[in-house]
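Visitor: FYI, in this note's numbering the residues of the sequence shown are 119 to 408.
Backbone N, C-alpha and C fix where the C-beta goes; we use that ideal spot for every residue, glycine too.
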Amino acid sequence: MKIIIVFLLQLILINLSYCDDKQDTNYVIYKSSGNFNNAVSVTDDGKGFIYILDTDNSEIVKYSAELKEIKRAGKKGWKNGDFFSPAHIDASNGTNIFVSDKLNSRIQTFDLNLGFISSLLTDSEIIEDKFKIRKPVCAVPVNSIDLFVLDGDNPKVVLFSGSLTPVSYFGSYQSVSGALSNPVKIVRDSKNNVYIFDRQKNSVLRYDNFGTFISELTSDDIISIAIYSDLLYVMSKSGIISYDVNKNSYQEKIALPRSIKIKNLTDLAVTGYNKLYLLEKDKIHLLIKN
């Protein structure tokens, strides 16, 4: 597999053939659960709980770390707590859950017990046109008060200060470098650098917390990304690679268990160095290192 990292001032080609020469790290399925219709996003809160977003059921499902179902919430609709084609769920700050309610043009915030807190209308009349987001596909808290929201209709990232007021944006087609084409997911590291998976480019674009483009990582057939302890996990049809964002080096290749239906994979979450969750459209798998 070849990975290309494109920097602002130079192009560096990293050939990962040395990874192919090494034996893949094997994980085994410890447990599976779920009866979803179309699960598209998984997240964890850092406190031992997992949250699944089923877009067809317009529903959030909360699990324990061992995949014991705890609670469900949500239905199709337009009221608070309802969803219309939700695209992404994030609980990475360990306090709140942010759901990108795509066709309702809003980000809904819930507590960790799935209780509704508030709603941010991203296409409101009071928002300047340059900041409006008609189809929010991902929202990630950058610190205790700010929120990055990904625009799936007019590709860009908008920073909402205090999770309420848009103050800046980046990654639009007007950008000199780092323009987005079909962005679908954001993750962030400990320094609040953000990594955006762009499906059309088949790449992960890296920006600092001010929205300045840093680098681009490309691979074949990327499905999704996740981050844990500054290790970026890139899941593709051929497996999962972990990349140390501080050392700019690859750490591990993880083979996908043969029983996994690759065509049904939608997302992943990593909660430890030896523990990860793979999401298929109809079920969630807990994997541990063999």
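For a test of the three-state rule: what should DSSP assign to Leu232, helix, strand or coil?
Guide: Residue state, collapsed to three classes: coil.
Visitor: Buried or exposed: Phe328, going by 16 or more other Cβ atoms within 10 Å of its Cβ?
Guide: Phe328 is exposed by the Cβ-count criterion.
Visitor: Rounding to the nearest angstrom, what Cα-Cα distance links Leu238 and Leu282 in this structure?
Guide: Rounded to the nearest angstrom, the two C-alpha atoms are 6 Å apart.
Visitor: Taking C-beta to C-beta, are Tyr351 and Val312 nearer than 7 Å?
Guide: Their beta carbons are not under 7 Å apart, which means Tyr351 does not touch Val312 by this criterion.
Visitor: Would you mind sorting Thr227 into buried or exposed? The rule is 16 or more other CB atoms within 10 Å of its CB.
Guide: With 16 or more Cβ atoms within 10 Å of its Cβ, Thr227 is classed as buried.
Visitor: Report the three-state DSSP secondary structure of Ile406 (helix, strand or coil).
Guide: If DSSP states are grouped into helix, strand and coil, Ile406 belongs with the strands.
Visitor: Under a three-way DSSP split, which group does Asp247 fall into?
Guide: Residue state, collapsed to three classes: helix.
Visitor: By alpha-carbon positions, which one of Leu185, Thr161, Arg306 and Val267 ends up nearest to Val363?
Guide: Out of Leu185, Thr161, Arg306 and Val267, Arg306 has the C-alpha closest to the C-alpha of Val363.
Visitor: Taking the beta strand (DSSP E) that Arg317 falls in, what are its first and last residues?
Guide: That residue, Arg317, is in no beta strand (DSSP E); it is neither H nor E in DSSP.
Visitor: Under three-state DSSP, which class holds Gly390?
Guide: In this structure, Gly390 counts as strand in the three-state DSSP scheme.
Visitor: In chain order, what residues of the same chain have a beta carbon less than 8 Å from the beta carbon of Ala297, not counting five sequence neighbours either side?
Guide: Counting only Cβ-Cβ distances below 8 Å, and skipping sequence neighbours, we find Pro273, Gly289, Ser290 and Tyr291.
Visitor: Taking all protein chains shown into account, decide if Asp172 is buried (16 or more other Cβ within 10 angstroms of its Cβ) or exposed.
Guide: With 16 or more Cβ atoms within 10 Å of its Cβ, Asp172 is classed as buried.
Visitor: For Leu298, which residues does DSSP report across the bridge?
Guide: Per DSSP, none; premise fails for Leu298.
Visitor: Distance, Cα to Cα, Pro375 vs Val255?
Guide: If I take the Cα positions, the gap works out to 29 Å.
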